[in-house]
Each structure stands twice: as C-alpha cells, then as structure tokens.
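In terms of my numbering, the sequence shown has 150 at position 148, counting the first letter as 1, and numbering is strictly consecutive. Think of the CB as a built atom: it goes at the ideal place given N, C-alpha and C, for glycine as much as any other residue. Nothing here was measured: the structure is a model prediction, and the numbers come from that model.
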Amino acid sequence: MRHLPKHLRPRWRYLGVGLETWPDARIDRGQFQRELYYTAQNLIGDIGSTDVDLSVYAFVFDDGEGAAVVRVRRGAVERGRAVLACVDRIADQPVRVTVRGVSGTVRACEERYIRRPLESPEERTVAFENADRFAFVRDRRVAVRTDSGFAGATDFDIE
C-alpha cells in the first residue's frame, strides 16, 4: 500500500500540557488517555471527539506533578483545549490540567514546553491548624498532610 500524498495526509498540532495534583497521587499515561476520551465524548459527542482525535504522545508524572504532549488535528485545537480544560479528575484524583502551549511538531513541543526541569517539591514540617504537620512545598503552593488527606495552602497560611 502506498502512502498518501503530502497534501492529503492529516495535519496535526501538539499541545504541551502540565499536570498537577496531590503529592501522593499516582497517574499513568493510560489513565490520562482514558480520561481524555471520556471527557471529549461527554463534551463534544462521539463525532466531535473523533474529529478532534486527542492522543497522548509523551507522558511524564512524578511527585504530584507532570507533563504530557497531546496530539490534536490542526483545525480542532480550540476544541482540544476545551476538552483539556474540562478534565478535573484522573483515576479518582483531583488534578489541575494546564495547556502550556501549542506547536506544529512533537520535537518543538517537547523542547519548548516539556523539557524544562519539573520542580521537585521541598518536604518540610509546617505549623498548620495549631499543629506541626508534614507538607510539600512548590514555589508558593503548599500541600499540607492532614488526617483526612491533603489540604492546599499558600505560604501565608502556614508559619
């Protein structure tokens, strides 16, 4: 079977995506891909999700923070971004999904939006709710371990 001529091949764009959740969460590529499929199907329907054709190309996740390269058809970038904006849970873990940028090739997307070193959280003990508690600190964001899980805070909320 011969390849299609270049002008008939599908054109793609690649979204650099950032993921953030609680430090003890474990998310893998398959779970993220499954959540993209379900969210696209619920938001834009079966035909729309087929037209957008979201696929996870690269995926890195560790210590509650990660990044991914998501492929989308060239004319459907805005709908792809809308689907990513609707993802709020992956594998029953709350997650924040941000689109860092759009690129025309996988290589450019990885170099611009993914390859930068991910922040490693600082682990320390903080005073929160009148008690010393264990916390993960990233920039000005703090995830404090409580009896029922984690609580989000800023450096103004702790001592």
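Tyr40 counts as exposed, since fewer than 16 other beta carbons sit within 10 angstroms of its beta carbon. The three-state secondary structure of Val79, taken from DSSP, is helix.
Where Tyr115 is concerned, there is no enclosing beta strand (DSSP E), because DSSP gives it neither an H nor an E. Here DSSP, grouped into helix, strand and coil, assigns Ile46 to helix.
Straight across, the Cα-Cα distance linking Val74 with Glu131 is about 45 Å.
The beta carbon of Ala153 sits closer than 7 Å to those of Val146, all from its chain and outside the five residues before and after it, given in chain order.
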